[in-house]
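Accompanying notes for the structure given below.
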Amino acid sequence: MSGYKDELRDYLKEKAVVIGEVTLSSGEKSNYYIDCRKVTLDAKGAFLIGEVLSDMLEDADAVGGLTLGADPIATAVSMRSYEKGRPVSAFLVRKGMKSHGMMKRIEGPIRPNSSVVIVDDVITKGGSVVEAIEAVEAEGHRVLKVVCLVDREQGGSEIIRGKGYNLEVLYTPADFGVTKAEQY
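Quick note, the numbering used here runs 47 ahead of the 1-based positions in the sequence shown.
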């Protein structure tokens with residue numbers, strides 16, 4: 048896996064890391080941005096993500112997280128798990144309850160009382176991951192762990208781990224050449 052993990056890191060650095068002031072979803076300003084969708088929605092990126100994360104599923108029945116960041120990751124992992132002969136379903140958690148149709152918050156072929164892995168592209172304050180965890184647990188599913196592509200190291204991982212969840216992070220800003228002194 049480490050060969051693919053290194054290749055994914057290099058691909059993220061090449062395609063997704065943007066240096067310059069941006070406003071994060073948390074509302075805070077930053078001098079860099081990691082636009083993971085440039086990789087998660089890319090054919091090569093999806094393959095690499097699927098390859099690396101499909102080996103991290105343990106005994107999961109399903110993989111998913113809060114829409115939009117988790118959607119392409121969950122799909123890539125699900126597809127690669129099938130190719131490896133250990134199929135795991137993908138699901139997505141809506142940001143709110145659907146007001147029509149089946150009125151679901153969680154979409155996908157997830158069976159009742161499933162063991163799940165929550166995925167996300169970037170953790171900053173941890174809000175998206177916590178929201179996904181709360182939604183799947185409210186429907187009776189068990190969270191085995193959380194896997195995130197990038198931890199911005201701004202408190203989110205501590206919040207998730209502080210709630211008792213196993214969090215595996217693939218990369219931090221330092222892996223892309225962004226040092227602590229350069230971050231704000």
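Note that beta-carbon positions come from the ideal geometry of N, C-alpha and C, so glycine has one too.
Because the structure is a prediction, the values reported are computed rather than measured.
Nearest in C-alpha terms to SER175, of all of SER125, SER77, GLY143, is GLY143.
DSSP places ALA63 in the coil class of the three-state scheme, outside both helix and strand. Note on THR70: under 16 other CB atoms within 10 angstroms of its CB, so exposed under the neighbour-count rule. DSSP places GLY173 in the coil class of the three-state scheme, outside both helix and strand. By alpha-carbon distance to HIS188, the top candidate from ASP82, TYR58, ALA107 is ALA107.
By the neighbour-count definition (other C-beta atoms within 10 Å, threshold 16), LEU95 is a buried residue. Take the alpha-carbon of VAL86 and the one of GLU215: they are about 19 Å apart.
Residue pairing from DSSP places TYR79 in a beta bridge opposite ILE66.
Here the segment 198-212 makes no contact with the segment 125-138; the two share fewer than three CB pairs at distances below 8 Å. According to the DSSP assignment, GLU205 belongs to no beta strand (DSSP E) but to the alpha helix (DSSP H) extending over 203-209.
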